[in-house]
Amino acid sequence: MPKISSVVTAAFLAYAASTAEGFAPLLSNANANANDHHHHHHSTVSSRTNSALHVSVVSSFLTKEEADSKVANVFERETPSSVGVEQVTKQQQQQQQQPRDTTKNNRRRRNKNNRRRKHNFSANPEFRHAQPDTDFYTLHSSAVSHLHKDMPMNDITRAIKRAQNLHDAHDLATIAAFLIDECDDWGYGFRGSLLSRTAVAALHMSQVDIARRAIDTRRNHERESMQPYESAAMVRGLMRAGQIDLAWEVLEDELGLPSTLTNDNNSMELLKHRAHVLASIVSRHFYNGEPQLATRALECLSAMGVLLEELKMTHVELQLPWSRLVNAATDCQFNPEECSVDLPSDLSELVFEAITAFPCPGGEEECGLDDYLFDD
1 MPKISSVVTA AFLAYAASTA EGFAPLLSNA NANANDHHHH HHSTVSSRTN SALHVSVVSS
61 FLTKEEADSK VANVFERETP SSVGVEQVTK QQQQQQQQPR DTTKNNRRRR NKNNRRRKHN
121 FSANPEFRHA QPDTDFYTLH SSAVSHLHKD MPMNDITRAI KRAQNLHDAH DLATIAAFLI
181 DECDDWGYGF RGSLLSRTAV AALHMSQVDI ARRAIDTRRN HERESMQPYE SAAMVRGLMR
241 AGQIDLAWEV LEDELGLPST LTNDNNSMEL LKHRAHVLAS IVSRHFYNGE PQLATRALEC
301 LSAMGVLLEE LKMTHVELQL PWSRLVNAAT DCQFNPEECS VDLPSDLSEL VFEAITAFPC
361 PGGEEECGLD DYLFDD
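Here the UniProt record's numbering is used: the first residue of the sequence shown is 1, the next is one more, and so on.
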């Protein structure tokens, strides 16, 4: 709003005064005609009073307009960024919106997962545990509705993951039947990997029969394409499912010590996965209060120490979690009367004996236990 000058203000005041005085005779004449001649002096005084009141009202209005124009001019000259208001406002908005966005994203993700679980009949166990469709190999999934030999491998992997996440035994059994019975000459090089994924998913769902069939088919028909990391995953799954004997069978068959030591990547990878699986078995049995079973795995680890020293495999390449094994042995609670083997009172001594069979971490000829027990 533009600023009102003093000249304009004076002009408004003069106009207001003249207007009020111009109306005064009219008001007095009207009062004279309506009333007695003796009231003329009283009407003149009233008109002058009205004139003064009119001038004061106009003056107050103009004063208020002038003050408002000054405030408007200040805001026209100054911007929010020049006085620092914009930056403060942005920071407050960001601080308020950040937790809201996180909460909103978490809510959307949770609702999406709930819809996904509801989609695959989680409320109907009988439907999920129905007999597999071995005629048309149809699945409950809307993304992969049925299996056929012309489909991409990624679709089968996707169907396996979905069946595992939703515990859909029907779909997993259908996938296993398709891979075992319909894929003799199809998927060369990939079939073994898909069978191992199926076995791990079945063990996750406690479907031991499906896992056994997948493991046997992979071992008998896909041995040339078996990978050590796949075998290690199946051994861990069998241990979690309580299939200890079958786990040791797979371990010795697929991750057994090679008859001839070669310093190639395949042998090194096999030894690495074997050592880590044995360490996992030791830790699991100690935490389950079964030290006699952990002793067997520790003996196998000790036997590997000499081979690793011959292959010049360093501690950094192997990265065994010795500290975790010592803690598991220390926390192990068991009844000595139920053990069929003689065990020391301090079970951590068993771990220390296995440690000393391995080469020193730094390649020295002699080293202490503290050199192995760094933060894994």
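Here a beta-carbon is modelled for each residue, glycine too, at the ideal position from N, C-alpha and C.
My output table needs one value for residue i: the three-state DSSP class, helix, strand or coil.
{"i": "T103", "result": "helix"}
{"i": "H140", "result": "coil"}
{"i": "H146", "result": "strand"}
{"i": "S206", "result": "coil"}
{"i": "N33", "result": "Low confidence applies to N33: its pLDDT is 48, below 50, so where it sits in the model is not reliable, and the reading given next is rough at best. Note: N33 maps to helix in three-state DSSP."}
{"i": "R48", "result": "In this prediction, R48 scores a pLDDT of 49, lower than 50, which makes its location untrustworthy; no coordinate-derived value is stated."}
{"i": "Q292", "result": "helix"}
{"i": "N120", "result": "For N120, the predicted structure reports a pLDDT of 48, less than 50, and the residue's modelled location is therefore unreliable. A value from the coordinates is still provided. Here N120 sits in coil by DSSP."}
{"i": "G192", "result": "helix"}
{"i": "P336", "result": "helix"}
{"i": "T157", "result": "helix"}
{"i": "residue 380", "result": "Residue 380 is absent from the model: the chain starts at 1 and stops at 376."}
{"i": "E182", "result": "coil"}
{"i": "H300", "result": "Rather than His, the amino acid found at residue 300 in this sequence is Cys. Here C300 sits in helix by DSSP."}
{"i": "S225", "result": "helix"}
{"i": "L308", "result": "helix"}
{"i": "V200", "result": "helix"}
Would you call residue i buried or exposed, if buried means 16 or more other Cβ atoms sit within 10 Å of its Cβ?
{"i": "P291", "result": "buried"}
{"i": "P152", "result": "exposed"}
{"i": "K149", "result": "exposed"}
{"i": "A297", "result": "buried"}
{"i": "K312", "result": "exposed"}
{"i": "D331", "result": "exposed"}
{"i": "K3", "result": "Confidence at K3 is low in this model, with a pLDDT of 47, below 50, so its placement is unreliable and the value that follows should be read with caution. Counting Cβ neighbours within 10 Å, K3 comes out exposed, since fewer than 16 surround it."}
{"i": "P344", "result": "exposed"}
{"i": "E349", "result": "exposed"}
{"i": "N120", "result": "With a pLDDT of 48 at N120, under the threshold of 50, the modelled position of this residue cannot be trusted; read the value that follows with caution. Buried is the call here."}
{"i": "R213", "result": "buried"}
{"i": "V351", "result": "buried"}
{"i": "F136", "result": "exposed"}
{"i": "Q164", "result": "buried"}
{"i": "A201", "result": "buried"}
{"i": "G368", "result": "exposed"}
{"i": "S303", "result": "Note on identity: in this sequence residue 303 is Ala, with Ser being the wrong assignment. Counting Cβ neighbours within 10 Å, A303 comes out exposed, since fewer than 16 surround it."}
{"i": "L261", "result": "exposed"}
{"i": "S231", "result": "buried"}
{"i": "V277", "result": "buried"}
{"i": "Y372", "result": "buried"}
{"i": "D184", "result": "exposed"}
{"i": "V85", "result": "Residue placement at V85 is poorly supported in this model, since its pLDDT is 49, which falls under 50; the coordinates are not used for a value here."}
{"i": "T356", "result": "exposed"}
Do you know whose CA, among the options, lies nearest residue i's CA?
{"i": "D171", "options": "L179, I180, I160 and A329", "result": "I160"}
{"i": "G289", "options": "N335, T314 and V351", "result": "N335"}
{"i": "F267", "options": "L255, H204 and L278", "result": "The amino acid at residue 267 is misidentified as Phe; the sequence shows Ser. Answer by Cα proximity: L255."}
{"i": "D342", "options": "A279, L293, L194 and S142", "result": "L293"}
{"i": "S196", "options": "V235, G242 and D181", "result": "V235"}
{"i": "Q319", "options": "A279, H285 and L251", "result": "A279"}
{"i": "A329", "options": "R284, A357 and T314", "result": "R284"}
{"i": "V144", "options": "I175, A169 and E182", "result": "I175"}
{"i": "N154", "options": "R191, T138 and A177", "result": "R191"}
{"i": "residue 393", "options": "C339, L179, A241 and R324", "result": "Limits of the chain in this structure are 1 at one end and 376 at the other, which puts residue 393 out of reach."}
{"i": "Q131", "options": "L147, A177, N106 and R109", "result": "A177"}
{"i": "V208", "options": "A173, E182, D181 and Y229", "result": "A173"}
{"i": "R219", "options": "S206, V306 and A199", "result": "A199"}
{"i": "Q227", "options": "A241, A247 and L270", "result": "L270"}
{"i": "G237", "options": "S206, C339, R107 and D216", "result": "S206"}
{"i": "E309", "options": "L347, C300 and F358", "result": "F358"}
Where do the N-terminal and C-terminal ends of the alpha helix (DSSP H) with residue i fall, by residue?
{"i": "Y287", "result": "N265 to Y287"}
{"i": "P228", "result": "P228 to R240"}
{"i": "S167", "result": "Looking at the sequence shown, residue 167 is not Ser but His. Premise fails: H167 is in no alpha helix (DSSP H) and is neither H nor E."}
{"i": "A247", "result": "I244 to E254"}
{"i": "F352", "result": "S348 to T356"}
{"i": "T260", "result": "From DSSP, T260 is part of no alpha helix (DSSP H); its letter is neither H nor E."}
{"i": "T330", "result": "W322 to D331"}
Any beta carbon from chain D within less than 8 Å of residue i's own beta carbon?
{"i": "V351", "result": "No chain D appears in the structure shown, which is made up of a single protein chain."}
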